[in-house]
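Just so you know, the numbering used here puts 110 at position 88 of the sequence shown, and the rest follows in order with no gaps. What follows is a set of notes on a single structure, which appears directly below.
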Amino acid sequence: MTATRLAIIIGCLLAGLFSPTDNGRRNRGARGTGPLPPHAAHDAGGEGVCSRAERSEHESAAPSRQPHSSCLRGRRHEGIRFHPTRAQQNRPRVRAARQRRLEDIRLLFAKAALDYPPRQVLLRAFKNDGVLELWVQPARGRPYVHLKDYTICMRSGELGPKRRRGDGQVPEGFYRITWFNPHSQFLLSMKVDYPNRSDRIRGGRHPGGDIFIHGSCVTIGCLPLTDRWIEELYLIALDSHWRYGRRPLVHIFPTRLDDAGMSWLEKTYRHRPELVEFWRELRPGYLYFEHHHRPAPVRIGRDGTYHFQENNGDRPAK
Numbered sequence: 023m024t025a026t027r028l029a030i031i032i033g034c035l036l037a038g039l040f041s042p043t044d045n046g047r048r049n050r051g052a053r054g055t056g057p058l059p060p061h062a063a064h065d066a067g068g069e070g071v072c073s074r075a076e077r078s079e080h081e082s083a084a085p086s087r088q089p090h091s092s093c094l095r096g097r098r099h100e101g102i103r104f105h106p107t108r109a110q111q112n113r114p115r116v117r118a119a120r121q122r123r124l125e126d127i128r129l130l131f132a133k134a135a136l137d138y139p140p141r142q143v144l145l146r147a148f149k150n151d152g153v154l155e156l157w158v159q160p161a162r163g164r165p166y167v168h169l170k171d172y173t174i175c176m177r178s179g180e181l182g183p184k185r186r187r188g189d190g191q192v193p194e195g196f197y198r199i200t201w202f203n204p205h206s207q208f209l210l211s212m213k214v215d216y217p218n219r220s221d222r223i224r225g226g227r228h229p230g231g232d233i234f235i236h237g238s239c240v241t242i243g244c245l246p247l248t249d250r251w252i253e254e255l256y257l258i259a260l261d262s263h264w265r266y267g268r269r270p271l272v273h274i275f276p277t278r279l280d281d282a283g284m285s286w287l288e289k290t291y292r293h294r295p296e297l298v299e300f301w302r303e304l305r306p307g308y309l310y311f312e313h314h315h316r317p318a319p320v321r322i323g324r325d326g327t328y329h330f331q332e333n334n335g336d337r338p339a340k
């Protein structure tokens, strides 16, 4: 670790320690420099939201019981209380984002002939492509619509899942957004529920945590979008959650797991058979959504492996 990198990490940790409203670890890192596949075109703490009780399309595991960063020493995760979504509307950064972005959001949905807010939000991140896709479900029983792509402006770690605290990795797998933080060190942030049950089984005692989609363009292990685009995406996800009480879904992949993507991964990572096997495990969930434009029901086995169930009511997307 270089002296510059160490100084950046220490500075970010100190910022979190002395900020009463942003306890999460939002650290800085270097842009990923891994090869692109041939077809690539391209803060715990603070005030947030706990979702209303609902049965998700994903059999997602319960949140981790570990403290989420050094900033939470002496405080258990379960003891933190988050304001409901209504209180978010009065937060200065949320109000400012709404004044700046709401008209653009309404135009975005109007051009797609969709009502706002959507019933459900689903985000698909492709790490090596640097893309975060926004998909929305207009109404119950309807397939999801691909609305927009955002650029993930910086990346840390390498392709492959996150397995331990401090490894700098962005997770890979199937998740949900559980917290909305309007006081983030990086403007606004949405917490991904890493580690899920699969991650806890496979990652051992210290899988880490504090994985966010946030503003600015610095990170170690998170998905930064810049301030401009986090304002837009935060409002879309927040308003959908407030109207329908459904947590946004998040699917994170190394790259697109179509034939070209898998072929590239198998060739590039032939010396890492455990990674290739993991990506083959994720692939049915990727392909199901590609085919149906609906997320496949997910089951996590006792060994932490992902299993996907066919939903007989899902028809192929046109």
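Glycine included, C-beta positions come from ideal geometry on N, C-alpha and C. Since the structure is predicted, the reported quantities are computational estimates derived from the model, not experimental observations.
Rounded to a whole number of angstroms, what is the C-alpha to C-alpha distance between residue i and residue j?
i	j	result
leucine 255	serine 285	32 Å
lysine 213	proline 338	31 Å
leucine 271	isoleucine 199	6 Å
proline 193	glycine 230	10 Å
alanine 109	glutamine 159	25 Å
arginine 316	methionine 176	28 Å
glycine 307	alanine 318	6 Å
glutamate 332	isoleucine 322	15 Å
arginine 162	arginine 265	13 Å
arginine 292	glycine 195	21 Å
glutamine 142	leucine 124	18 Å
histidine 12	tyrosine 166	The requested residue 12 does not occur in the structure, where the chain is confined to residues 23 to 340.
glycine 225	glutamate 296	14 Å
histidine 263	tyrosine 172	20 Å
isoleucine 235	tyrosine 138	22 Å
asparagine 218	leucine 129	35 Å
tryptophan 201	arginine 294	34 Å
glutamate 253	alanine 259	10 Å
threonine 107	proline 140	16 Å
arginine 222	arginine 269	21 Å
aspartate 347	leucine 257	Here the chain covers residues 23 to 340 and nothing more, so residue 347 does not appear.
glycine 283	asparagine 112	44 Å
aspartate 261	threonine 290	41 Å
arginine 13	alanine 134	Nothing about residue 13 can be reported from this structure: the residues present for the chain run from 23 to 340 only.
serine 206	glycine 152	22 Å
Cβ of residue i within 6 Å of any heavy atom in the ligand MG?
i	result
tyrosine 308	As far as ligands go, the structure on display features none, and thus does not contain the ligand MG.
Should residue i go down as buried or exposed, given a rule of 16 or more other Cβ atoms within 10 Å for buried?
i	result
leucine 156	buried
alanine 119	buried
glutamine 121	exposed
proline 85	Low confidence applies here, because proline 85 scores a pLDDT of 35, under 50, leaving its location unreliable; read the following figure in that light. By the neighbour-count rule (16 or more Cβ atoms within 10 Å), proline 85 is buried.
aspartate 325	exposed
histidine 273	buried
leucine 245	buried
arginine 302	exposed
glycine 267	exposed
glycine 188	exposed
Tell me residue i's beta-bridge partners as DSSP assigns them.
i	result
threonine 173	Val153
asparagine 368	Because the chain in this structure spans residues 23 to 340, residue 368 falls outside the shown range and cannot be described.
isoleucine 274	Ala147, Gly195
tyrosine 328	Ile322
valine 400	As displayed, the chain neither begins before 23 nor continues past 340, which places residue 400 out of reach and without an answer.
histidine 236	Ser211, Pro246
Between the Cα of residue i and the Cα atoms of the options, which residue gives the shortest distance?
i	options	result
leucine 136	Leu169, Phe300, Tyr216	Leu169
lysine 184	Leu309, His314, Glu332, Phe300	Phe300
aspartate 232	Gly190, Leu287, Ser238, His263	Gly190
proline 341	Leu130, Tyr138, Arg305, Asn203	Because the chain is modelled from 23 through 340, residue 341 falls outside the range shown and cannot be assessed.
valine 298	Leu245, His313, Leu181, Ser220	Leu181
leucine 210	Ile174, Arg123, Val116	Val116
arginine 344	Arg186, Glu288, His205, Gln111	Residue 344 lies beyond the residue range present for the chain, which begins at 23 and ends at 340; the question has no answer from this structure.
serine 220	Ser262, Thr327, Asn112, Gln111	Thr327
arginine 227	Ile258, Gln111, Arg186, Gly152	Arg186
tyrosine 18	Leu257, Asp280, Leu145, Ala134	As displayed, the chain neither begins before 23 nor continues past 340, which places residue 18 out of reach and without an answer.
aspartate 280	Gly267, Arg269, Leu309	Leu309
leucine 154	Trp251, Arg164, Asn112	Trp251
tyrosine 216	Ser206, Ala282, Gly243	Gly243
Would you mind giving the Cβ-Cβ distance between residue i and residue j, rounded to the nearest angstrom? I have them listed as a contact below 8 Å.
i	j	result
phenylalanine 311	valine 320	Between valine 320 and phenylalanine 311 the Cβ distance is about 11 Å, and since that is not below 8 Å, they are no contact.
phenylalanine 275	alanine 147	7 Å
phenylalanine 208	serine 238	4 Å
threonine 277	asparagine 150	4 Å
isoleucine 174	leucine 247	7 Å
Check the Cβ-Cβ distances between residue i and every residue of chain B, and say whether any is below 7 Å.
i	result
glycine 179	Annotation note: the requested chain B is absent from the structure, which comprises a single protein chain.
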